[in-house]
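Undergrad: Pasting a structure here, questions to come.
Printed below as a string of structure tokens:
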């Protein structure tokens, strides 16, 4: 009886509440005649209404934008040599069904092409980070170094990345290192500049703490300078990765070998325009993923 | 020691784009061992500059400064500073913020366990043991300031320098922290030099109030001895005539002799 009562109370239905009050005066058997528990199903919309609305408010414009893009694309491709969305989609299914085939040096799956491009970006960008970040720290810390390097940086930074390619070919006498060199030289600037700016922006309060506590240079670096500069540094890294990924397609178009840029050029020579469009989307998506990953890393280091 | 901290004929001239600016001129003052001295004056009178000079963050243009028998040449852990805006490192927990100071001063001579114990004791002193593992952005302004005080005290400084430590707090929190500071100072027998612009705060806490004239070329205008007995109780002082007399003297100085022309 009591168990039944508790179940009813748990449902908080009016009927059970009434029963509970009148129970003591009632005869035992009548308890079993209590109305069956009314299960109150809260409708999903009622329970998660706010979340669902927010979700749709977020998603609907995105879906709408993409749909509009595809429709415009389909209209533009009508009656021109540009392949439409459907044709490209079918082609993409074929390309991505076997991304890692290898038929000789000039005919490899799109997976290999992406990985090769990523490898070049990784090496070029990695070297730029290894050199650029410490350099940025020193430029930010020492005024003399800053004044010394300022004219060089302002002179070289706006140079188009591909202008560096002939220099790379001349020095390295090979296409692959030349492509990596272009990535290196075009992605180093944001890291130098942002790291240096970060060091200059370290609040004087923190440096006063360092002075008052008389911290050693190493402690100042690990406990104050590095954590304070980290968000700036990550911004620089993010910009650099963006530039590197932007430049790799152009560099590979010129240098050849295996890579997404070369693939684009190769497919152009084959007049396989669907593949070029696939490559454009692939480059875009990989770039987005790189950016997003770094955003997640950066968020991890946000204070305040 | 009668002149534990000594500032003698100190002047401070800043070089600015539009020529040199004399912030302090011929300042003479001292703090005895175990004494609580406040610097009071209108904003911009250079009282923070004077504190930064004693802290060693600035170098005086002329004059001599001595702390515990040694000339002040740059900042050092013998002078614990509490800044107005707490200046805790946001990426370290309260414990780590205090530990940073403890390690620096005692790291060479003591084991890790002892250092931790010192840090814990410092946080206990300001009643923040429960917030040891919190980051500064997770605690209130008053708590941040208390961690700042714990950090300064954990170094066992010869002098505690407080630069408007409660200036950014609301009135109730400020009163609460003043009471706590009174207790802490009584317990640790610290020598304190504090900058403030709050007359009640100055009278409540100090043994002497050094009143500064308006800048530029500010200097010590007058000194008030606060002869109220310790321990002091905020509520008991409300009806104490000596308290009101001190308060009146400071107010008179600030608002009659040194009233700033409307800025």
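Chains as they are written, first to last, in the numbering used here: chain D, 190 to 493; chain U, 593 to 855.
Ideal Cβ positions, reconstructed from N, Cα and C, are used throughout, including at glycine.
Restricting to Cα atoms, I'd like to know which of U/658, U/697, U/617 is closest to residue 641 of chain U.
TA: For the purposes of this step, residue 641 of chain U is taken as residue 49 along the second chain, with counting starting at 1. Comparing Cα-Cα distances from residue 641 of chain U to each of U/658, U/697, U/617, the minimum goes to U/617.
Undergrad: Please classify residue 291 of chain D: is it buried, with 16 or more other beta-carbons within 10 angstroms of its beta-carbon, or exposed?
TA: Reading the first chain from its first residue, position 102 is the one you call residue 291 of chain D. Residue 291 of chain D should be labelled exposed.
Undergrad: With 7 Å as the C-beta to C-beta threshold (strictly closer), list the residues of the stretch 412 to 425 of chain D near chain U in chain order.
TA: 412, 413, 416
Undergrad: Which residues in chain U have a C-beta closer than 9 Å to the C-beta of residue 486 of chain D? List them in chain order.
TA: As a working note, residue 486 of chain D is residue 297 in the first chain. Correct list: empty, because the minimum Cβ distance to chain U is about 15 Å.
Undergrad: What is the DSSP secondary structure of residue 633 of chain U, counted as helix, strand or coil?
TA: The residue labelled residue 633 of chain U in the question sits at position 41 within the second chain. Three-state DSSP puts residue 633 of chain U in coil, outside helix and strand.
Undergrad: Once DSSP output is grouped into helix, strand and coil, what is the label at residue 701 of chain U?
TA: Here residue 701 of chain U refers to the residue found at position 109 of the second chain. In this structure, residue 701 of chain U counts as coil in the three-state DSSP scheme.
Undergrad: So does the stretch 424 to 435 of chain D actually touch the stretch 314 to 333 of chain D, counting three or more Cβ pairs closer than 8 Å?
TA: yes
Undergrad: List the residues that DSSP assigns as beta-bridge partners of residue 834 of chain U.
TA: Against the second chain, residue 834 of chain U aligns to sequence position 242. DSSP output for residue 834 of chain U lists no bridge partner at all.
Undergrad: Would you decide whether residue 277 of chain D is buried or exposed? Buried here means 16 or more other CB atoms lie within 10 Å of its CB.
TA: Taking the first residue of the first chain as position 1, residue 277 of chain D is located at position 88. It counts as buried.
Undergrad: Report the neighbours of residue 787 of chain U on chain D: residues whose CB is nearer than 9 Å to its CB, in chain order.
TA: In the second chain, counting from the first residue as 1, residue 787 of chain U sits at position 195. Those do not exist, as residue 787 of chain U stays about 15 Å from chain D at its closest Cβ, beyond 9 Å.
Undergrad: Considering only their Cβ atoms, is the gap separating residue 420 of chain D from residue 314 of chain D smaller than 8 Å?
TA: Locating residue 314 of chain D in the first chain gives position 125, where the first residue counts as 1. Locating residue 420 of chain D in the first chain gives position 231, where the first residue counts as 1. No, they are not a contact pair.
Undergrad: Measure from the alpha carbon of residue 678 of chain U to the alpha carbon of each residue in D/265, D/398, D/417, then state which is nearest.
TA: Counted from its first residue, the second chain places residue 678 of chain U at position 86. Nearest of D/265, D/398, D/417 to residue 678 of chain U, Cα basis: D/398.
Undergrad: Whose C-beta lies closer than 6 Å to the C-beta of residue 454 of chain D among residues of the same chain, with five residues either side of it excluded?
TA: Counted from its first residue, the first chain places residue 454 of chain D at position 265. The answer, listed in chain order, is 442.
Undergrad: How far does the beta strand (DSSP E) with residue 620 of chain U in it reach, from first residue to last?
TA: Along the second chain, read from residue 1 onward, the residue named residue 620 of chain U stands at position 28. Start and end: 611 to 623.
Undergrad: Alpha carbons only, please: which of U/752, U/730, U/744, U/676 is nearest the one belonging to residue 713 of chain U?
TA: As a position in the second chain, residue 713 of chain U is number 121, starting the count at 1. When only C-alpha atoms are compared, the closest one is U/744.
Undergrad: Does the beta carbon of residue 679 of chain U sit closer than 8 Å to a beta carbon anywhere in chain D?
TA: Position 87 of the second chain, counting from 1, holds the residue named residue 679 of chain U. Yes, because at least one Cβ of chain D sits closer than 8 Å to the Cβ of residue 679 of chain U.
Undergrad: Ignore the nearest five residues each way along the sequence and tell me which others in residue 280 of chain D's own chain have a CB closer than 6 Å to its CB.
TA: Taking the first chain and counting its residues from 1, one reaches residue 280 of chain D at position 91. Here the set comprises 463.
Undergrad: Just by C-beta distance, which residues in the stretch 692 to 706 of chain U are closer than 7 Å to chain A?
TA: Within the model displayed, chain A is absent; protein chains D and U are what it includes.
Undergrad: Can you confirm whether residue 675 of chain U, when its beta carbon is compared against all beta carbons of chain D, has any partner nearer than 8 Å?
TA: Reading the second chain from its first residue, position 83 is the one you call residue 675 of chain U. Output row for residue 675 of chain U: interface = yes.
Undergrad: Under 8 Å between the Cβ atoms of residue 651 of chain U and residue 785 of chain U?
TA: Locating residue 651 of chain U in the second chain gives position 59, where the first residue counts as 1. Locating residue 785 of chain U in the second chain gives position 193, where the first residue counts as 1. If you check the CB distance, residue 651 of chain U and residue 785 of chain U do not come in under 8 Å.
Undergrad: Just to make sure I have the definition right: I need the residues of chain D whose C-beta is within less than 7 Å of the C-beta of residue 667 of chain U. Which are they?
TA: One-based indexing of the second chain puts residue 667 of chain U at position 75. Going along chain D in sequence order, the residues near residue 667 of chain U (Cβ under 7 Å) are 400, 401, 403.
Undergrad: Do you know how far the Cα of residue 796 of chain U is from the Cα of residue 846 of chain U?
TA: Locating residue 846 of chain U in the second chain gives position 254, where the first residue counts as 1. Locating residue 796 of chain U in the second chain gives position 204, where the first residue counts as 1. Each residue's alpha carbon lies about 17 Å from the other.
Undergrad: Across the stretch 404 to 416 of chain D and the stretch 429 to 441 of chain D, are there enough close Cβ pairs to call them in contact, namely three or more that are closer than 8 Å?
TA: no
Undergrad: Drop a sphere of 10 angstroms on the beta-carbon of residue 599 of chain U, count the other beta-carbons inside from all chains shown, and report buried for 16 or more, exposed for fewer.
TA: Mapped onto the second chain, residue 599 of chain U falls at position 7. Per the 10 Å Cβ criterion, buried.
Undergrad: Nearest-angstrom Cα distance between residue 369 of chain D and residue 681 of chain U?
TA: Here residue 369 of chain D corresponds to residue number 180 of the first chain, with the count starting at 1. Here residue 681 of chain U corresponds to residue number 89 of the second chain, with the count starting at 1. When rounded, the distance between both Cα atoms is 39 Å.
Undergrad: Would a check of beta-carbon distances place residue 287 of chain D closer than 8 Å to chain U?
TA: The residue given as residue 287 of chain D occupies position 98 in the first chain. It does not; no Cβ of chain U falls within 8 Å.
Undergrad: Chain D beta carbons: is any one of them nearer than 8 Å to that of residue 649 of chain U?
TA: As a working mapping, residue 649 of chain U is identified with position 57 in the second chain. By this cut-off, residue 649 of chain U is an interface position.
Undergrad: Per DSSP, what are the beta-bridge partners of residue 815 of chain U in this structure?
TA: Taking the second chain and counting its residues from 1, the one referred to as residue 815 of chain U is at position 223. U/802, per the DSSP bridge assignment.
Undergrad: Using a C-beta cutoff of 8 Å, does residue 290 of chain D count as contacting chain U?
TA: Residue numbering aside, residue 290 of chain D sits at position 101 when the first chain is read from its first letter. Output row for residue 290 of chain D: interface = no.
Undergrad: In terms of residues, what are the limits of the alpha helix (DSSP H) holding residue 485 of chain D?
TA: Residue numbering aside, residue 485 of chain D sits at position 296 when the first chain is read from its first letter. Looking at the DSSP string, the run of the alpha helix (DSSP H) that includes residue 485 of chain D is 462 to 489.
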